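This report refers to the structure that appears directly beneath it.
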Amino acid sequence: MVSEGLPPSDRLRRGREFEAVYRQGWKAHTRHFVVQGWARPERRLRLGITVSRKVGRAPERNLVKRRLREFFRRHRPEIQQAVAENAGVEEGLDLVIIAKPGAPALTQPELERELMAGLGKRRESGPRSKS
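Position 68 of the sequence shown, counting from 1, maps to 77 under this note's numbering, and the rest follow consecutively.
As structure tokens, this is what we get:
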């Protein structure tokens, strides 16, 4: 049986990996998500997901995480292309998606449309100053 999960090499797993994206990357906001990315020389697209308790109880948070991973698996080439076109990133990318309250109510197609729009409207650039 073939696994469709994300292998560890495609995930951000350590706190310092998330922190690097927060400090040095760019950020875009949508109604239900904050999308942050950081270009890296390694040619690999990696995903990190943050869903806090503000979003809902455990079943709702887990639903959002499953839907985000599915979005990432299905649309990896489109994600890479959208970021390359709008952010000028040709190399690898660490992508962190932070869910906001209301995200569990989205259907999968709504989630995908909102995230693709968010990837296309990169606003702020890093690196960020420590304040």
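Don't be surprised by glycine CBs; every beta carbon is placed ideally from N, CA and C. This structure is a prediction, so every number in the text was calculated from the model and none was measured.
Do residue i and residue j have their CB atoms nearer than 8 angstroms?
{"i": "His41", "j": "Ala112", "result": "yes"}
{"i": "Arg32", "j": "Leu56", "result": "no"}
{"i": "Thr59", "j": "Ile107", "result": "yes"}
{"i": "Glu69", "j": "Gln117", "result": "no"}
{"i": "Arg76", "j": "Leu15", "result": "no"}
{"i": "Glu28", "j": "Asp103", "result": "no"}
{"i": "Leu115", "j": "Ile88", "result": "no"}
According to DSSP, simplified to helix, strand and coil, what is residue i?
{"i": "Val44", "result": "strand"}
{"i": "Leu15", "result": "coil"}
{"i": "Gly101", "result": "strand"}
{"i": "Arg66", "result": "coil"}
{"i": "Pro113", "result": "helix"}
{"i": "Pro86", "result": "helix"}
{"i": "Pro118", "result": "helix"}
Cα-Cα, which of the options is closest to residue i?
{"i": "Glu100", "options": "Pro16, Arg32, Trp47 and Leu15", "result": "Trp47"}
{"i": "Gly34", "options": "Thr116, Leu72 and Val105", "result": "Val105"}
{"i": "Met125", "options": "His84, Leu102, Asp103 and Leu115", "result": "His84"}
{"i": "Ser18", "options": "Val30, Arg52 and Lys36", "result": "Arg52"}
{"i": "Pro110", "options": "Ser61, Pro86, Arg122 and Lys74", "result": "Ser61"}
To the nearest whole angstrom, what separates the beta carbons of residue i and residue j, a pair I think is in contact under 8 angstroms?
{"i": "Val44", "j": "Gly127", "result": "5 angstroms"}
Checking the sheet assignment: what are the DSSP bridge partners for residue i?
{"i": "Thr59", "result": "Ile107"}
{"i": "Arg20", "result": "Leu56"}
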